[in-house]
Amino acid sequence: MAIAGFMIAGPAAEQIFGVQSPWLRSWTMFSAIGLGVIDASFEIRGPDGALVPLDRFAMLGAPRNGRLKWIQNPEELASVIKRLCAVAGQGSDIRVRARLGTRGGWQTIHTDAENACAG
Amino acid sequence: MPAPADAIADWRPAQAVAARFAGWAAGTEGSSRSSALIRIGLAMLFWSRWACELLLYMDQSPAGLFLAANFFVATTLLFIGYHSRLAAVWTGSVGLAMYYYFGFELGREPWTHHHTYLLAVAALLIALTPCDRSYSLDRYLAVTRAERLGISPPAERGNLWGLRLIVVQLSVLYFFAAFDKSNHTFLSGARLEQIFLWFYAGSDYPAGLAWLATTLAFGVVALEYCLALGLPFRATRRYLVLPGLAFHAIIYVTLPVYTFSATMALLYLAYFDADAVDRVIARLQGIGSAATAKGEIS
Numbered sequence: 001m002a003i004a005g006f007m008i009a010g011p012a013a014e015q016i017f018g019v020q021s022p023w024l025r026s027w028t029m030f031s032a033i034g035l036g037v038i039d040a041s042f043e044i045r046g047p048d049g050a051l052v053p054l055d056r057f058a059m060l061g062a063p064r065n066g067r068l069k070w071i072q073n074p075e076e077l078a079s080v081i082k083r084l085c086a087v088a089g090q091g092s093d094i095r096v097r098a099r100l101g102t103r104g105g106w107q108t109i110h111t112d113a114e115n116a117c118a119g
Numbered sequence: 120m121p122a123p124a125d126a127i128a129d130w131r132p133a134q135a136v137a138a139r140f141a142g143w144a145a146g147t148e149g150s151s152r153s154s155a156l157i158r159i160g161l162a163m164l165f166w167s168r169w170a171c172e173l174l175l176y177m178d179q180s181p182a183g184l185f186l187a188a189n190f191f192v193a194t195t196l197l198f199i200g201y202h203s204r205l206a207a208v209w210t211g212s213v214g215l216a217m218y219y220y221f222g223f224e225l226g227r228e229p230w231t232h233h234h235t236y237l238l239a240v241a242a243l244l245i246a247l248t249p250c251d252r253s254y255s256l257d258r259y260l261a262v263t264r265a266e267r268l269g270i271s272p273p274a275e276r277g278n279l280w281g282l283r284l285i286v287v288q289l290s291v292l293y294f295f296a297a298f299d300k301s302n303h304t305f306l307s308g309a310r311l312e313q314i315f316l317w318f319y320a321g322s323d324y325p326a327g328l329a330w331l332a333t334t335l336a337f338g339v340v341a342l343e344y345c346l347a348l349g350l351p352f353r354a355t356r357r358y359l360v361l362p363g364l365a366f367h368a369i370i371y372v373t374l375p376v377y378t379f380s381a382t383m384a385l386l387y388l389a390y391f392d393a394d395a396v397d398r399v400i401a402r403l404q405g406i407g408s409a410a411t412a413k414g415e416i417s
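Heads up: the protein sequence lines correspond to chains S and L, in order.
The first sequence: position 12 = 12 (this note's numbering), numbered continuously.
Plus 119 on top of the position in the second sequence (first one is 1) and you've got this note's numbering.
So, in structure tokens, the structure goes:
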């Protein structure tokens, strides 16, 4: 009974009552994996005025399975936007939608309401 | 107000259930073969997870060498089954030392993961089973001794309370894993989407992922609750074993769960009636009655 009680008390203490201790084993597998991941999509305004999907790999000449596949943080996203705007040229209109993975779900960190190259 | 005699009568079913549970939990004797198979499997899983990290040249500090020596001696004894139950305690203690001391105290973060704790605890729990009485050097020596003395060899049986504790551990694990996911963030599919992007898609969200992630999220949580509450019971177990094994197979090939899936699959043996497992083994070896074994594993 004592052993079974310990098995139950560990996760109950942490997951129900919020007690944090390495001596108590909770069963919260993969609870931190994916946090901080960035989902980003890019569009560029064409000569006809319509927004079309922008392939950041093609535009920057980067391999699809290289470092650019994972945009690590908001700072790196800003860097990618800056490089895309530079390649697209002056006066280009690039719209970026991006969100950050958090414990509470997805948090919007960039909307496509404005031209990302305007700033 | 009921008469005292009626009140006592009302308690009788509860007492009967409690007595039946106590009998199941602590008073059941059965074949030692499933315990022995788990013992051997755990030794192999310990090697699979840590042997290459504990080769003697990897950490030549006194603590590292001490850990490696203990690890290899304890797991070898566990595998061959020499002083099996002591070897299980030794192996489990080494596992816990790696988890608590080397993992949390010395900062070897991968050693603090849930799969390492599960392996260590499983080794300690198998020490509470008659895992020494089958498929072991202990068994060989016992049979040899009996032959020398002209007596019948000891029965491959024992008290199975250690297997019951493994069942409790697995149900607790499944229940709290599901409990952890029983929130809007997970059930919306957002956490699965994040995990998928983290390992596979990078920063490009694939079309069609949203509904798939939401569906999978509900499916995973429902399955884990069902496994927690249904696997201990024979009537529901028959419908849950294959989904459970499939679930572990899928996460084994899609996520870095290390030995977790294999450990869980191995520990599923604890759910089955030990004598039924024994009969199936006998049947497979051609020394038992197919009629008695058929349909026992469910």
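By construction, the Cβ of each residue, glycine as well, lies at the ideal position given by its N, Cα and C atoms.
Specify the secondary structure class of residue i as computed by DSSP and reduced to three states.
i: residue 274 of chain L; result: coil
i: residue 42 of chain S; result: strand
i: residue 110 of chain S; result: strand
i: residue 16 of chain S; result: coil
i: residue 37 of chain S; result: coil
i: residue 376 of chain L; result: coil
i: residue 202 of chain L; result: coil
i: residue 225 of chain L; result: coil
i: residue 30 of chain S; result: coil
i: residue 392 of chain L; result: coil
i: residue 367 of chain L; result: helix
i: residue 357 of chain L; result: helix
i: residue 211 of chain L; result: helix
i: residue 264 of chain L; result: helix
i: residue 125 of chain S; result: Given a span of 1 to 119 for chain S in the structure shown, any question on residue 125 of chain S remains unanswerable.
i: residue 3 of chain S; result: helix
i: residue 397 of chain L; result: helix
i: residue 241 of chain L; result: helix
To the nearest angstrom, how far is it from the Cα of residue i to the Cα of residue j?
i: residue 387 of chain L; j: residue 366 of chain L; result: 13 Å
i: residue 15 of chain S; j: residue 292 of chain L; result: 12 Å
i: residue 408 of chain L; j: residue 395 of chain L; result: Interpretation of residue 408 of chain L is limited by its pLDDT of 44, a score under 50 that renders its predicted location unreliable; the figure taken from the coordinates is listed afterwards. The alpha-carbon atoms of residue 408 of chain L and residue 395 of chain L are separated by roughly 11 Å.
i: residue 132 of chain L; j: residue 294 of chain L; result: 27 Å
i: residue 274 of chain L; j: residue 212 of chain L; result: 29 Å
i: residue 313 of chain L; j: residue 22 of chain S; result: 26 Å
i: residue 338 of chain L; j: residue 360 of chain L; result: 16 Å
i: residue 190 of chain L; j: residue 373 of chain L; result: 29 Å
i: residue 415 of chain L; j: residue 249 of chain L; result: Low confidence applies here, because residue 415 of chain L scores a pLDDT of 47, under 50, leaving its location unreliable; read the following figure in that light. Roughly 21 Å separates the two Cα atoms.
i: residue 210 of chain L; j: residue 241 of chain L; result: 10 Å
i: residue 183 of chain L; j: residue 214 of chain L; result: 14 Å
i: residue 252 of chain L; j: residue 151 of chain L; result: 6 Å
i: residue 135 of chain L; j: residue 352 of chain L; result: 18 Å
i: residue 187 of chain L; j: residue 181 of chain L; result: 10 Å
i: residue 175 of chain L; j: residue 53 of chain S; result: 54 Å
i: residue 142 of chain L; j: residue 178 of chain L; result: 48 Å
i: residue 330 of chain L; j: residue 35 of chain S; result: 20 Å
i: residue 107 of chain S; j: residue 398 of chain L; result: 56 Å
i: residue 207 of chain L; j: residue 300 of chain L; result: 33 Å
i: residue 326 of chain L; j: residue 99 of chain S; result: 16 Å
i: residue 285 of chain L; j: residue 389 of chain L; result: 7 Å
i: residue 363 of chain L; j: residue 137 of chain L; result: 28 Å
Report whether the distance from the Cβ of residue i to the nearest heavy atom of the ligand ATP is below 7 Å.
i: residue 401 of chain L; result: You won't find the ligand ATP in this model; it holds no ligand whatsoever.
For residue i, which residues in the same chain have their Cβ closer than 8 Å to its Cβ, ignoring the five residues on either side in sequence?
i: residue 335 of chain L; result: 308 and 311
i: residue 163 of chain L; result: 198
i: residue 255 of chain L; result: 155, 158, 199, 200, 201 and 203
i: residue 304 of chain L; result: 310
i: residue 272 of chain L; result: 261, 262, 265 and 266
For residue i, which residues in the same chain have their Cβ closer than 7 Å to its Cβ, ignoring the five residues on either side in sequence?
i: residue 166 of chain L; result: 194
i: residue 101 of chain S; result: 34, 35, 36 and 37
What residues in its chain sit with their C-beta under 6 Å from that of residue i, if we drop five residues either side in the sequence?
i: residue 383 of chain L; result: 367
i: residue 279 of chain L; result: 147, 149 and 393
i: residue 332 of chain L; result: 308, 311 and 312
i: residue 93 of chain S; result: 45 and 115
i: residue 235 of chain L; result: 218
i: residue 376 of chain L; result: 370
i: residue 282 of chain L; result: 248 and 389
Check: How do the region 230–246 of chain L and the region 256–274 of chain L stand: do at least 3 beta-carbon pairs fall below 8 Å, yes or no?
Finding: no
Note to self: List, from N- to C-terminal side, the alpha helix (DSSP H) runs of 4 residues or more that fit wholly inside the region 267–353 of chain L.
What the structure shows: 280–300, 303–306, 309–315 and 328–349
Notebook entry, point to check: Does the region 314–325 of chain L touch the region 34–41 of chain S, meaning 3 or more C-beta pairs lie closer than 8 Å?
Noted result: yes
Note to self: Under 8 Å, with one C-beta from each stretch per pair, do the region 69–81 of chain S and the region 337–353 of chain L reach the 3-pair mark?
What the structure shows: no
Next item on the list: Could you tell me whether the region 171–189 of chain L touches the region 154–163 of chain L, where touching means 3 or more Cβ pairs closer than 8 Å?
Entry: no
Notebook entry, point to check: Are three or more beta carbon pairs between the region 81–94 of chain S and the region 5–22 of chain S nearer than 8 Å?
Noted result: no
Next item on the list: At 3 residues or longer, and completely inside the region 44–111 of chain S: list those beta strand (DSSP E) runs for me, N to C.
Entry: 51–53, 94–102 and 105–110
Checklist line | Whole runs of the beta strand (DSSP E) within the region 122–196 of chain L, excluding any shorter than 3 residues | finding: 148–150
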